[in-house]
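This report refers to the structure that appears directly beneath it.
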Amino acid sequence: MQEIVRAMNYVIEQGWAFYWGTSEWTGAEIIEACEVADRLGLIRPICDQTRYNILDRSRVDYDFVNLYKKYKYGITAFSALSSGVLTGKYNDGIPDGSRMSIPWFKSILSNGLEEKSAKAIQLAEIAKEIGCTLPQLAIAWCVANTNVSTVLLGASRIEQLDENLRALEFEDKITPEIRAKIDTIADVKPELTKVQDNVHQMRGKWQ
Numbered sequence: 001m002q003e004i005v006r007a008m009n010y011v012i013e014q015g016w017a018f019y020w021g022t023s024e025w026t027g028a029e030i031i032e033a034c035e036v037a038d039r040l041g042l043i044r045p046i047c048d049q050t051r052y053n054i055l056d057r058s059r060v061d062y063d064f065v066n067l068y069k070k071y072k073y074g075i076t077a078f079s080a081l082s083s084g085v086l087t088g089k090y091n092d093g094i095p096d097g098s099r100m101s102i103p104w105f106k107s108i109l110s111n112g113l114e115e116k117s118a119k120a121i122q123l124a125e126i127a128k129e130i131g132c133t134l135p136q137l138a139i140a141w142c143v144a145n146t147n148v149s150t151v152l153l154g155a156s157r158i159e160q161l162d163e164n165l166r167a168l169e170f171e172d173k174i175t176p177e178i179r180a181k182i183d184t185i186a187d188v189k190p191e192l193t194k195v196q197d198n199v200h201q202m203r204g205k206w207q
């Protein structure tokens with residue numbers, strides 16, 4: 001860890017970056033990095049890029065809970081739409097050409113797809129209740145979390161991007177009552193070991 005922290009500080013000292021952050025690290029790894037930086041008088045990491053959505057939130061809402069106040073750690077959230085599940089595209093199965101149709105991707109992320117799709121159908125009713133689409137609800141929910149610094153978006157068409165950006169108009173509609181309804185449907189339980197296993201699988205595919 002000391003080697004990583006020193007290397008990132010070297011990058012900053014050379015003017016190649018203003019800050020450094022982590023990606024898909026565990027809370028324990030981030031705390032270790034911050035403590036190493038403090039001990040050596042170096043610059044701490046400032047945020048983690050991590051998966052976060054209505055159906056997958058163990059890391060941000062549970063594992064990272066001690067990072068926000070103590071280290072003022074930020075979150076750059078990706079997969080706000082749960083790899084497309086929260087668009088409703090998988091409600092009737094896996095379409096050809098979709099991300100889930102890629103064998104290695106499906107092997108990692110399709111576990112529980114039927115259950116997640118059933119939840120997406122229920123969440124779509126809440127979206128209608130506040131006057132937005134399901135993707136807009138999912139993105140607005142992420143943005144409404146005060147611990148989230150940035151929500152990354154992806155789109156294959158201009159129309160998708162326009163729809164996603166309009167999610168900002170519904171952030172204030174994520175009231176405690178709406179959040180409670182979402183939580184009841186999502187019924188998320190912490191699964192930190194499973195999350196970490198998925199991270200290792202993904203990293204292995206990209207190496």
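Position 43 (the sequence shown) corresponds to 43 in UniProt numbering; numbering is contiguous. Glycine included, every Cβ here is placed at the ideal spot set by N, Cα and C.
Bounds of the beta strand (DSSP E) holding residue 76 are 74-78. Around the beta carbon of residue 119, 16 or more other beta carbons sit within 10 angstroms, so the residue counts as buried. Separation of the CB atoms of residue 37 and residue 11 is rounded to 13 Å, and the pair is thereby denied contact status at 8 Å. Residue 50: not part of any alpha helix (DSSP H); member of the beta strand (DSSP E) spanning 47-51, first to last residue.
When 79, 162, 117 are compared, the shortest CA-CA separation from residue 141 is found for 79. When the beta-carbon positions are compared, residue 77 and residue 151 come within less than 7 Å of each other.
Here the alpha carbons of residue 67 and residue 18 stand approximately 21 Å from one another. When C-alpha distances from residue 179 are compared across 163, 130, 121, the shortest belongs to 130.
In the three-state DSSP reduction, residue 5 falls in the helix class (H, G or I). Judged by DSSP secondary structure, residue 148 falls within the beta strand (DSSP E) whose first and last residues are 148-151. Assigned with DSSP and collapsed to three states, residue 56 falls in strand.
DSSP places residue 90 in no alpha helix (DSSP H); its state is neither H nor E.
Comparing alpha-carbon positions, the option among 16, 2, 50 lying closest to residue 32 turns out to be 2.
In the DSSP assignment, residue 22 forms a beta bridge with 48. Taking a C-beta distance under 7 Å as the contact criterion, residue 47 and residue 149 qualify as a contact pair. With 16 or more other Cβ atoms inside 10 Å of its own Cβ, residue 56 counts as buried.
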